[in-house]
Amino acid sequence: MKCINCKTKMKEKLVEHKEFGVSLGKFPAMTCSKCGERFYGLAAVDKIQAASKKAGLFGKVSRVKAAKIGNSIAIRVPKEIAEFVHLKPGMDVVIHPESGKMIVEVV
Ligand SMILES: [Zn+2]
13 MKCINCKTKM KEKLVEHKEF GVSLGKFPAM TCSKCGERFY GLAAVDKIQA ASKKAGLFGK
73 VSRVKAAKIG NSIAIRVPKE IAEFVHLKPG MDVVIHPESG KMIVEVV
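Going by our numbering, the residue at position 5 of the sequence shown is 17; the numbering climbs one at a time, nothing skipped.
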């Protein structure tokens, strides 16, 4: 199997898989030694999904609409994500840009 990015021959390796910065363990993946591209087989995908569910991370991605409030923009945080990061009304958060994205840190 060749890498879709750089056409280098890929080899199977055990690689650490992280979701939202949390390690879910090591799983077998076809890995490109040149560009780092990886490709998980179906069995590994099932194991990763099971580990994600066990860690309480599965389904923790939400798409929400940004709303206009005065001159600011408000973003609603879904209950499931707020509970996961222990965010409660009235708490302070720190917002900053990073590599073109917006990071919101619960402090
Ligand atoms: Zn590659």
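Built from N, CA and C at the ideal position, the CB exists for glycine as well. Computed from a predicted model, the values in this text were never measured in an experiment.
Test item: CB-CB of P90 and S64 under 8 Å: Taking the first residue of the sequence shown as position 1, residue 90 is located at position 78. Taking the first residue of the sequence shown as position 1, residue 64 is located at position 52. No, these two residues do not count as a Cβ contact at 8 Å.
Three-way DSSP call (helix, strand, coil) for I60 in this model: As a position in the sequence shown, residue 60 is number 48, starting the count at 1. Of the three classes helix, strand and coil, the one that applies to I60 here is helix, per DSSP.
Closest Cα partner of F39 within the set E31, L69, C47, I60: Sequence index remark: in the sequence shown, residue 39 carries index 27 (1-based). Measuring from the Cα of F39, the nearest candidate turns out to be I60.
K23 CB to nearest heavy atom of ligand 1 below 7 Å: Here residue 23 corresponds to residue number 11 of the sequence shown, with the count starting at 1. Shortest gap from the CB of K23 to any heavy atom of ligand 1: 7 Å or more.
Contact test: E49 Cβ vs ligand 1 heavy atom, cutoff 7 Å: Translated into positions along the sequence shown, residue 49 becomes position 37. The answer is yes for E49.
Cβ neighbours of E24 in the same chain (closer than 8 Å, five flanking residues each side left out): As a position in the sequence shown, residue 24 is number 12, starting the count at 1. For E24, where only same-chain residues beyond five positions count, the Cβ hits under 8 Å are P40, A41, M42, T43.
N83 Cβ short of 7 Å to ligand 1 heavy atom set: The count along the sequence shown starts at 1 and reaches residue 83 at position 71. If you check the C-beta of N83 against ligand 1, you find no heavy atom less than 7 Å away.
F96 (DSSP reduced to helix, strand or coil): On the sequence shown, residue 96 is found 84 positions in, with the first residue counted as 1. Three-state result, F96: helix.
Any non-hydrogen atom of ligand 1 within 7 Å of K59 CB: To locate residue 59, count along the sequence shown from 1; it is residue 47. No; taking the cut-off as 7 Å, the Cβ of K59 has no heavy atom of ligand 1 nearer than that.
Sequence-distant residues of its chain with Cβ nearer than 6 Å to A79 (five each side left out): Your numbering for residue 79 matches position 67 in the sequence shown. Excluding five sequence positions before and after A79, the CB atoms of its chain that fall closer than 6 Å to its own CB belong to A86, given in chain order.
A78 (DSSP reduced to helix, strand or coil): Residue mapping note: residue 78 aligns to position 66 of the sequence shown, counting from 1. In the displayed model, A78 falls within a strand according to three-state DSSP.
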